[in-house]
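Just so we're aligned, residue 2 is where the sequence shown starts under my numbering, counting upward by one. Glycine included, C-beta positions come from ideal geometry on N, C-alpha and C. Here the structure comes first, spelled out in structure tokens, and everything after it is commentary.
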Amino acid sequence: MTEFGTSRSGTNDIWEAIYTQRAVRYWEEREVPQELLWRIVDAATHAPNGSNRQLWRWLVLTDPAKRGRIAAAVRERVQIPAKWIAGARDAGDSSRLLMYRGSQHLFDRFDEAPALIVPCQHQFASATGATADSLVAGASIYGAVQNLQLAARALGLGTVLTTAQVWIGDVLRSELGIPEDAQPAAVIPVGYPAVDFGPTRRKPVEEVTFWNGWGVHGTRKPSG
Ligand SMILES: Cc1cc2nc3c(=O)[nH]c(=O)nc-3n(C[C@H](O)[C@H](O)[C@H](O)COP(=O)(O)O)c2cc1C
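This is the structure:
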């Protein structure tokens, strides 16, 4: 589906939201009304999740001083590895290079986004017996994160899923008082985008889909 163009406004068309929700790393200097942050987190909490146990907590962070300290930790600790950049350059992969440049820009200015959202698994290990960083734990929270990102797109807000918690977990815990039985699953900047939403580029679905058996590529026929 490629009929959607670039735009900076919201949309109620679920297909447009899905096909144009892309990683936003540049922000307008503009507050996000609290009600919109509530709405996107509310959308997240309506996601499917294992046994409907809802073993999640959503930390919404707007406090400038706390965001500043978290941003300082990200700036200090998170770098795109030089070999990734060299690899993309050697391969002539300009879109990957652009992504790395955008990602480093984001890591250098993490508090430019007016809000950060930190989804956490809460008491997941004790309730399910699965480790909090297992694939099955991810299955119960990242779908909710996608709801949040699509809801933000619908409202004209940009987001990007980052795994910054891997490097700054201790700072998140001390700044936000996250207890030991909760695990941050992502750190998601949210704001009004200073870039357009637009069609995301992915491999053709036929290339990554097998039909009735591994390795068997189906043929897609026009419907109707
Ligand atoms: C698990 C995961 C981790 C990601 N981590 C980061 C990150 O740390 N920094 C970043 O800038 N983008 C991050 N992203 C965003 C991806 O780079 C982005 O979704 C991908 O390049 C596709 O870009 P597009 O959605 O704009 O088409 C992450 C996405 C996922 C799903």
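Checklist entry - Between the region 35 to 52 and the region 139 to 147, are three or more C-beta pairs nearer than 8 Å? => result yes
Item to check | Cβ contact check for the region 183 to 193 and the region 208 to 215: 3 or more pairs under 8 Å | outcome: no
Item to check | Sequence ranges, alpha helix (DSSP H) only - wholly within the region 179 to 205, length at least 4 | outcome: none
Next on the checklist: I'd like to know if the region 117 to 130 and the region 52 to 68 are in contact, where contact means that at least 3 CB-CB pairs between them fall below 8 Å.
Outcome noted: yes
Checklist entry - Is the region 79 to 87 in contact with the region 99 to 109, if contact means three or more CB pairs nearer than 8 Å? => result Here the region 79 to 87 makes contact with the region 99 to 109; the two share three or more CB pairs at distances below 8 Å.
Checklist entry - Going by DSSP, what residues sit across from V119 in a beta bridge? => result Paired residues: L60.
Checklist entry - In the DSSP assignment, what residue or residues form a beta bridge with W28? => result P194
Item to check | Beta-carbon spacing of A152, Q184 below 8 Å | outcome: no
Checklist entry - Where does S10 sit, in a helix, a strand or coil, going by DSSP? => result coil
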